[in-house]
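There are 2 protein chains.
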Amino acid sequence: MTDKKWAFEDLEPGLTIPFGEKTVSAEEIIAFARQFDAQPMHLDEEAGKASILGGLAASGWHSCAMFMRMLYDAFLIDSTSQGSPGITDARWKRPVIAGDTLSGQTTVLERRPLKSRPGIGLVTFRHLVTNQRGETVMEMENPIMFRMRATGAAA
Amino acid sequence: MTDKKWAFEDLEPGLTIPFGEKTVSAEEIIAFARQFDAQPMHLDEEAGKASILGGLAASGWHSCAMFMRMLYDAFLIDSTSQGSPGITDARWKRPVIAGDTLSGQTTVLERRPLKSRPGIGLVTFRHLVTNQRGETVMEMENPIMFRMRATGAAA
């Protein structure tokens, strides 16, 4: 049994879960870039404007990390998640520029029990991250493992 | 012209560039998790040991961010990189546990000029991240845009 709201059984194909909003500051973009991706367009306003990104732009990996926080806050926080084996085909479709407000949603595409791990199933999601103009900035497919309600201990 | 070491023309298919070593501390794993992925197995030693990851394990997105730093230090720092449109098929194959030392390499798979962006070409890499036992912890394919030497301004 589990006291979590979201277990494998609750994540039916077609289910859509919305993300909350996240406004991205220049300071956050620069702090992430200094630590992980110090390319000029992620560190400096002028270099960003001179680049094909058109402004001080978040590292794509920073966008992924911010998306992960949105996914966590939206439902993983109260789920039986056991982690993920990877990412299928993530696309950074538009730059995330300082001052942008991100939002979006995830949709369950499919799910199946894992033969190799009794009591755990794999749920594949299509994640969509949008900006304040409703434009898609990032999309990806991503399978996540969840314990089943019937057998799941609290994760 | 560019004064960078690595432009589109220099990244020939088959070229392999090694990464330096990065040892991952528990403090780093917890700090990243608090900000971006607060699942118990990324925040707490005991929860990590109780999970299928087997120990205090870095968020997969933290592994991606650390890999990005290794890629940057290995050659992007002195390149005409213009950013990337996305990630193809990234796999988190083994957990990254506190105390692990990451290393690895990237290999150029293919490259082509971009018709839509004169003077810029797309180079597809296969990135491989390994641990201190030589096990693969992460692998992915990832296209990155580079200015050409012939026409490239300093990025």
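Residue numbers (UniProt numbering), protein chains in the order written: chain A, 1 to 155; chain B, 1 to 155. Cβ coordinates follow ideal geometry from the N, Cα and C atoms, glycine included.
For a contact defined as C-beta to C-beta under 8 Å, what are the partners of SER81 (chain A) on chain B?
Correct list: GLN39.
Skipping 5 residues on each side, what residues in its chain have a beta carbon closer than 8 Å to that of ASP73 (chain B)?
Cβ neighbours of ASP73 (chain B) beyond the five flanking positions: PHE19, GLY20.
Helix, strand or coil: which one does DSSP assign to ARG69 (chain A)?
DSSP places ARG69 (chain A) in the helix class (H, G or I) of the three-state scheme.
Assuming the contact rule is C-beta atoms closer than 8 Å, ALA26 (chain B) and LEU56 (chain B) should be a hit. Round their C-beta distance to whole Å, please.
About 6 Å; that satisfies the 8 Å criterion.
Interface residues of chain B facing ILE52 (chain A) [CB-CB closer than 9 Å]:
The contacting residues are GLN82, GLY83, ARG117, ILE120, MET145.
Report the option in A:GLU12, A:LEU102, A:LYS115 whose CA atom is closest to the CA atom of PHE67 (chain A).
Of A:GLU12, A:LEU102, A:LYS115, the residue nearest in Cα terms is A:LEU102.
Within its chain, find whatever has a CB closer than 7 Å to the CB of residue 165 (chain B); leave out the 5 residues flanking it on each side and keep chain order.
The first residue shown for chain B is 1 and the last is 155, placing residue 165 (chain B) beyond what the model contains.
I'd like to know if ALA90 (chain A) contacts chain B, where contact means its C-beta is closer than 8 Å to some C-beta of that chain.
Yes, ALA90 (chain A) counts as interfacial toward chain B.
Measure the alpha-carbon distance for GLY104 (chain B) versus LEU71 (chain B) and round it to whole angstroms.
C-alpha separation (whole angstroms): 9 Å.
Are PHE8 (chain B) and THR107 (chain B) closer than 8 Å when you measure CB to CB?
In this structure, PHE8 (chain B) keeps its C-beta atom at 8 Å or more from the C-beta atom of THR107 (chain B).
Quick one: any contact between the segment 36-48 of chain B and the segment 120-132 of chain A, if contact means 3 or more CB pairs under 8 Å?
No: the two stretches stay apart, fewer than three of their Cβ pairs being nearer than 8 Å.
Identify, in the order they occur along the chain, each residue of the same chain with its Cβ nearer than 6 Å to the Cβ of ALA153 (chain B), setting aside the five sequence neighbours on each side.
Caution is warranted here: a pLDDT of 48 is assigned to ALA153 (chain B), below 50, making its placement in the model unreliable, and the coordinate value is therefore given only provisionally. If we look at ALA153 (chain B) and ignore the five residues flanking it on each side, it has no Cβ neighbours.
Taking the runs of the alpha helix (DSSP H) that are 4 residues or longer, which of them lie wholly in the segment 17-42 of chain A?
Runs of the alpha helix (DSSP H) inside the segment 17-42 of chain A: 26-36.
Classify THR2 (chain A): buried if its beta carbon has 16 or more other beta carbons within 10 angstroms, exposed otherwise.
Under this definition THR2 (chain A) is a buried residue.
Under 8 Å between the Cβ atoms of ALA58 (chain A) and VAL96 (chain A)?
In contact: ALA58 (chain A) and VAL96 (chain A) (Cβ atoms closer than 8 Å).
For the beta strand (DSSP E) that contains GLY121 (chain A), what are its first and last residues?
According to the DSSP assignment, GLY121 (chain A) belongs to the beta strand (DSSP E) that extends over 120-130.
is_contact[GLY48 (chain B), chain A] using C-beta, thresh 8 Å:
No, no contact with chain A.
Taking the beta carbon of ARG117 (chain B) as the centre, do at least 16 other beta carbons fall within 10 Å, making it buried, or is it exposed?
By the 10 Å Cβ count, ARG117 (chain B) comes out exposed.
Whole angstroms is fine: what's the gap from ALA150 (chain B)'s alpha carbon to PHE36 (chain A)'s?
Each residue's Cα considered, the two are about 29 Å apart.
Ordered along the chain, which non-local residues of its own chain (more than five positions away) have a Cβ less than 6 Å from that of ALA33 (chain B)?
Correct list, in chain order: HIS42, LEU43, SER59.
Among residues of its own chain, excluding the 5 on either side of LYS93 (chain A), which ones have a beta-carbon nearer than 7 Å to its beta-carbon?
So the list reads THR136, VAL137, MET138, GLU139, once near-sequence residues are dropped.
Which two residues bound the contiguous alpha helix (DSSP H) that contains GLU12 (chain A)?
Going by DSSP, GLU12 (chain A) is part of no alpha helix (DSSP H) at all; its letter is neither H nor E.
With DSSP run on the structure shown, which of helix, strand or coil describes LEU109 (chain A)?
DSSP places LEU109 (chain A) in strand when its eight states are reduced to three.
Sequence-distant residues of the same chain with beta carbon closer than 7 Å to PRO85 (chain B), five excluded per side:
Close CB contacts of PRO85 (chain B) within its chain, under the 7 Å cut and outside five residues either way in sequence, are with PRO143 (chain order).
Which residues in chain B sit within 9 Å of ARG69 (chain A), going by Cβ to Cβ distance?
Contacts between ARG69 (chain A) and chain B, judged by CB atoms closer than 9 Å, involve GLN35, PHE36, ASP37, ALA38 in chain order.
Does SER59 (chain B) get closer than 8 Å to chain A when you measure Cβ to Cβ?
With a threshold of 8 Å between beta carbons, SER59 (chain B) makes contact with chain A.
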